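Here the structure is laid out as structure tokens; the discussion comes afterwards.
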Amino acid sequence: LGRRTVAVLLPEQPAAREPTWDTVLREADRATSAHGGVLLRTLDPQVTGADPLDGPVRGPAPDIVLASTSALTGSHWRPRAASEPLTSPLPRDAFREVRVPGRTIVVATTGSGLLAGLHHLVRQGESVVTDGPGAASDTTHAPALPIRMLDHWDNLGPHPVMGQVERGYAGGSLFFSDGAVREDLSRVAEYARLLGSVGVNRVAVNNVNVHALEARLLTDGLADVARLADVFRAHGIRLHLSVSFAAPMLVGGLPTADPDDPDVRRWWADATAKVYAAVPDFGGYVVKADSEGQPGPFAYGRDHADGANLLARALAPFGGTVFWRAFVYDHRQDWRDRSTDRARAAHDCFAPLDGKFDDNVVLQVKHGPMDFQAREPVSPVLAAMPHTRLAVELQATQEYTGQQRHVCHLHPWWHEILAFRPWGAGRSVADVVAGSALAPGGGVVAVSNVGDDPFWTGHPLAQANLYAFGRLAWDPTLSPERVLAEWAGLAFPGATERVRSTLLDVLGDSWHTYEQYTAPLGVGFMVRPGHHYGPDVDGYEYTPWGTYHFADRDGVGVDRTRATGTGFTGQYPAPWRDVYESPDSCPDELLLFFHHVPYAHVLHSGSTVIQHIYDSRAAGAARVEQMAAAWSELDGAIPAGVFEEVAARLAEQVRSAREWRDQVSAYFFRKSGVPDASGRAIC
Ligand code: GCU
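Residue numbering for the sequence shown follows the working numbering, beginning at 1218 and increasing consecutively.
Encoded structure:
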């Protein structure tokens, strides 16, 4: 907030104080004292006997006032710009920003609202207070989505195959070390501050694949879980645990986990009551059930509503929520079986259950029907369950988008997903997860890309994805360009115009670039099995995972039509069910997701499928070379550590993009026998 005088007015009674009020004071102090500003903590209109907004006050007049609506009760503050009294209560997390010439006032009813307002001011830099006649305004800011959550896939200790953080590319866990919660949580406190500053309000700290040790966090680990919850609470963030559906057996010693068994119900009720005794504002559970080997209700002949409601009923008395994942499919499929389609699985399993979930169940749906690819259609589940609270799940950790060795700025992709209109017109995905009259919203969840790495995210530029997630969860309509510019300004304070424009250049279209050199036209995968890094076109082709491209000598792609394929297109409402059904209307970027077409098929772009494969692989790899060259110009212009780390990762991205280009091009040349019309040499 610079060299400014900031006044903070908070409720007097300790009972009315939330932990976030103290954080507001600390943050306001941090934002002023470091820059030669002044923080007034006790400015009270009754004490000063004057209206500090319009008239003279004792002591320095504040440039910025941060006040809770309750602290203002009894005062008659009403700056001319304010459309209604400053004491009017506001919804949770919301804040009001009233500007008069030379002064900016932020009021909120809750601590988390005021904290959001303070961070909003900090983001504005010099323009936080404006002068001149046009400076008067009164704006209420509120998050579009009620739930803005990050899921960590952290294990307590190293996992033999996955490492400590499953699909983690930023070192070990921030929370856990040596099989327990860390003693020193000072870095977690900095992380909570980062998340709070962009409006994230829930965090799940452990992996959705719950192994034996982690299953005990729910019971033996509670004192430590409470320590973590304290750290997040200060920034308005509620803590969640991933739990095993088989916990009654794994940690409770019962012979079954059947949702219909009274002992099982009692066990969950007792275990949950103990969690709330330790963490009174515990957010609830995250559950991956009947998925990739995790236990679930199918073992007892029950459905997923039975399973989710079992946990929901244990949480309901305490105000907790179950985040029940819709990522359920057969991962032991026979690749010869052309009738089973993994893309269909979530809709087949969950759509018939619409209306059967309790009010405190959120169904957490991956954004696409497959698995976080660089391009997929939006999951049809998001349009099929009007009576269910739905959340959309994104993947900030770059499992399939370059594993934080490649620059891949995901906000443009997430923006497209949230702006997608499942009915062609009317409500968007963002509207669906914001809630309706039929079901409250479940919000947006992302799998975190953070670890104990010094840059938090491994690749320093991957921080932009974390930042973008928080900002889009608050306001999905914000443009990726604006948020990226905002991030660049905050992450590189005082940077020159050249540095800023290079950052925007390198990050801006990097998702499209990544899409260009990897699997073509929405077909997906083609990655190395297991770790999923780098190209392997047939790596998953004859496996049980359901992720095939069906390339042969004549063509490529998956026929998911109703007419001749798996019928997946029929899971969409109109108009998409028809748009996707025909190769004539299917968008190019999704063509091979929905159709098996000959290599000579002509795209809307005018190119053939085979020539598009050659051209876009080459263009993508060439663009990465340009990105690396642009970055090299920043030597000496930004901190050396960041420069070198990004330069090293860009060198790997150049190598990897060439490898993708050459393997994918060679593969399709050998399958099709069609030469590259531009004469490029293909091995
Ligand atoms: C992907 C990922 C797994 C993860 C799973 C999930 O399949 O590879 O590591 O467990 O998604 O979302 O549950």
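Beta carbons are placed, not taken as given, at the ideal position from N, Cα and C, and that holds for glycine.
Every value quoted in this text rests on a predicted model; they were computed, and no experiment measured them.
(request) State the Cα-Cα distance for the pair S1329 and P1363, rounded to the nearest angstrom. (result) Numbered from 1 along the sequence shown, position 112 holds the residue referred to as residue 1329. Numbered from 1 along the sequence shown, position 146 holds the residue referred to as residue 1363. Those two C-alpha atoms are separated by around 13 Å.
(message) Going by DSSP, what residue range makes up the beta strand (DSSP E) through F1742?
(response) Taking the first residue of the sequence shown as 1, we reach residue 1742 at position 525. Run containing F1742: none; DSSP gives neither H nor E here.
(message) Is the beta carbon of V1744 closer than 8 Å to that of G1166?
(response) Residue 1166 lies beyond the stretch modelled for the chain, which goes from 1218 to 1900, so this question has no answer here.
(request) Pull up the CB-CB distance for A1562 and V1545, whole angstroms please, since I reckon it's below 8 Å. (result) Translated into the one-based positions of the sequence shown, residue 1562 becomes position 345. Translated into the one-based positions of the sequence shown, residue 1545 becomes position 328. Right, the Cβ-Cβ distance comes to about 6 Å (below 8 Å), so this counts as a contact.
(message) For the structure I just gave you, are there three or more beta carbon pairs, one from the segment 1587-1606 and one from the segment 1796-1813, closer than 8 Å?
(response) As far as the Cβ criterion goes, the segment 1587-1606 touches the segment 1796-1813, which means the pair count is three or higher.
(request) Please classify R1243: does DSSP put it in a helix, a strand, or coil? (result) To locate residue 1243, count along the sequence shown from 1; it is residue 26. R1243: helix per DSSP, three-state reduction.
(message) I want to know whether the segment 1366-1376 touches the segment 1417-1429 - three or more CB-CB distances under 8 Å.
(response) yes
(request) In angstroms with no decimal places, state the Cα-to-Cα distance between A1780 and G1643. (result) Mapped onto the sequence shown, residue 1780 falls at position 563. Mapped onto the sequence shown, residue 1643 falls at position 426. Cα-Cα distance, rounded: 28 Å.
(request) Find out if the Cβ-Cβ distance for the pair T1473, V1481 is shorter than 8 Å. (result) One-based indexing of the sequence shown puts residue 1473 at position 256. One-based indexing of the sequence shown puts residue 1481 at position 264. Yes, the pair counts as a contact, with Cβ atoms nearer than the cut-off.
(request) May I have the straight-line CA-CA distance separating F1709 from L1411, to the nearest angstrom? (result) By one-based count along the sequence shown, residue 1709 stands at place 492. By one-based count along the sequence shown, residue 1411 stands at place 194. Those two C-alpha atoms are separated by around 15 Å.
(message) Quick check: what's the CA-CA separation for G1660 versus R1519?
(response) On the sequence shown, position 443 is the one that residue 1660 refers to. On the sequence shown, position 302 is the one that residue 1519 refers to. Computed Cα separation, rounded: 27 Å.
(request) Quick one: residues in its chain with C-beta nearer than 8 Å to the C-beta of A1397, no 5 flanking neighbours on either side, listed in chain order? (result) Within the sequence shown, the letter at position 180 stands for residue 1397. Answer for A1397: L1373, G1438, D1441, listed in chain order.
(request) Determine the contact status of A1333 and G1416, defining contact as a CB-CB distance below 8 Å. (result) The sequence position of residue 1333 within the sequence shown is 116, counting from 1. The sequence position of residue 1416 within the sequence shown is 199, counting from 1. Yes.
(request) Could you have a look at Y1502 and say whether DSSP puts it in helix, strand or coil? (result) For the purposes of this step, residue 1502 is taken as residue 285 along the sequence shown, with counting starting at 1. Y1502: strand per DSSP, three-state reduction.
(message) On the DSSP letters alone, give me the boundaries of the beta strand (DSSP E) that W1370 sits inside.
(response) Position 153 of the sequence shown holds residue 1370. First-last for W1370: undefined, no H or E at that position.
(request) Name, in chain order, the residues that DSSP records as bridge partners for M1366. (result) Residue mapping note: residue 1366 aligns to position 149 of the sequence shown, counting from 1. In the DSSP output, where bridge partners are listed per residue, M1366 has R1419, V1662.
(request) Could you name the residues that DSSP lists as bridge partners for A1883? (result) Translated into the one-based positions of the sequence shown, residue 1883 becomes position 666. Assignment of beta-bridge partners to A1883 by DSSP yields no partner.
(message) Using only the alpha-carbon positions, how far apart do R1688 and N1418 sit?
(response) Within the sequence shown, numbered from 1, the residue matching residue 1688 stands at position 471. Within the sequence shown, numbered from 1, the residue matching residue 1418 stands at position 201. Rounded to the nearest angstrom, the two C-alpha atoms are 12 Å apart.
(message) Contact between the segment 1626-1644 and the segment 1347-1357 is defined here as three or more beta-carbon pairs at a separation below 8 Å; is this criterion met?
(response) In short, these stretches do not touch, since the Cβ pair count stays below three.
(message) Tell me the rounded alpha-carbon separation between V1492 and T1436.
(response) On the sequence shown, position 275 is the one that residue 1492 refers to. On the sequence shown, position 219 is the one that residue 1436 refers to. For V1492 and T1436, the distance between alpha carbons rounds to 8 Å.
(message) Whole angstroms are fine: how far does the CA of E1407 sit from the CA of V1274?
(response) Your numbering for residue 1274 matches position 57 in the sequence shown. Your numbering for residue 1407 matches position 190 in the sequence shown. Any reading at V1274 needs caution, since the residue's pLDDT is 42, under 50, leaving its predicted position unreliable; the model's value is listed next. Pairing V1274 with E1407, the inter-Cα distance amounts to about 36 Å.
(request) Verify the contact flag: S1508, CB atom, against every heavy atom of the ligand GCU, threshold strictly below 7 Å. (result) For this step, residue 1508 is matched to residue 291 along the sequence shown. Flag set: Cβ of S1508 near the ligand GCU.
(request) Just the C-alpha distance for D1648 and T1326, rounded to the nearest angstrom, thanks. (result) As a first step, residue 1648 must be located in the sequence shown, where it is residue number 431. As a first step, residue 1326 must be located in the sequence shown, where it is residue number 109. If I take the Cα positions, the gap works out to 25 Å.
(message) Here's a check: name, in chain order, each residue in its chain whose Cβ is nearer than 6 Å to the Cβ of R1622, leaving out the five neighbours to either side.
(response) For this step, residue 1622 is matched to residue 405 along the sequence shown. R1866, E1869.
(message) Between which residues of its own chain and D1771 is the CB-CB distance below 6 Å, once the five residues before and five after are set aside?
(response) Residue 1771 sits at position 554 when you count from the first residue of the sequence shown. If we look at D1771 and ignore the five residues flanking it on each side, its Cβ neighbours are P1815.
(request) Could you tell me which of F1393, R1313, E1235 sits nearest to S1354, measuring between CA atoms? (result) What you label residue 1354 is simply residue 137 of the sequence shown in a count that begins at 1. That would be R1313, whose Cα lies nearest to the Cα of S1354.
(request) Consider the C-beta atom of F1535 and the heavy atoms of the ligand GCU; say whether any pair is separated by less than 7 Å. (result) Within the sequence shown, residue 1535 is the residue found at index 318, counting from 1. Not under cutoff, so the answer is no.
(request) Quick one: residues in its chain with C-beta nearer than 7 Å to the C-beta of A1463, no 5 flanking neighbours on either side, listed in chain order? (result) Mapped onto the sequence shown, residue 1463 falls at position 246. Correct list, in chain order: A1474, P1512.
(request) Name the residue from D1280, G1652, L1303 whose alpha carbon lies nearest to the alpha carbon of G1291. (result) Working through the sequence shown from its first residue, we reach residue 1291 at position 74. For the residues D1280, G1652, L1303, the minimum Cα distance to G1291 belongs to L1303.
(request) For the beta strand (DSSP E) containing Q1788, list its first residue and its last residue. (result) The residue you call residue 1788 lines up with position 571 of the sequence shown. Neither: Q1788 is in no beta strand (DSSP E) and is coded neither H nor E.
(request) With DSSP as the reference, label V1891 as helix, strand or coil. (result) Start at 1 with the first residue of the sequence shown, and residue 1891 comes out as number 674. It is coil, neither helix nor strand.
(request) Assign G1266 to one of two classes, buried (16 or more other C-beta atoms within 10 Å of its C-beta) or exposed (fewer than that). (result) Locating residue 1266 in the sequence shown gives position 49, counting from the first residue. The predicted model places G1266 with a pLDDT of 43, which falls under 50 and marks its position as unreliable; any figure quoted below should be read in that light. So G1266 ends up on the exposed side.
(message) Let's see if you can read the secondary structure: which residues bound the alpha helix (DSSP H) around A1495?
(response) The sequence position of residue 1495 within the sequence shown is 278, counting from 1. Taken as a continuous stretch (DSSP letters only), the alpha helix (DSSP H) holding A1495 covers 1479-1495.
(message) I'd like the span of the beta strand (DSSP E) that includes Q1828, first residue to last.
(response) Working through the sequence shown from its first residue, we reach residue 1828 at position 611. Element bounds for Q1828: not the beta strand (DSSP E) but the alpha helix (DSSP H), 1826-1849.
(request) With hydrogens ignored, establish whether the beta-carbon of V1863 is closer than 7 Å to any heavy atom of the ligand GCU. (result) Translated into the one-based positions of the sequence shown, residue 1863 becomes position 646. V1863: no, Cβ never under 7 Å from the ligand GCU.
(message) Measuring straight from C-alpha to C-alpha, what distance separates F1885 and V1448?
(response) Translated into positions along the sequence shown, residue 1885 becomes position 668. Translated into positions along the sequence shown, residue 1448 becomes position 231. Between the C-alpha atoms of F1885 and V1448 there is a straight-line separation of about 52 Å.
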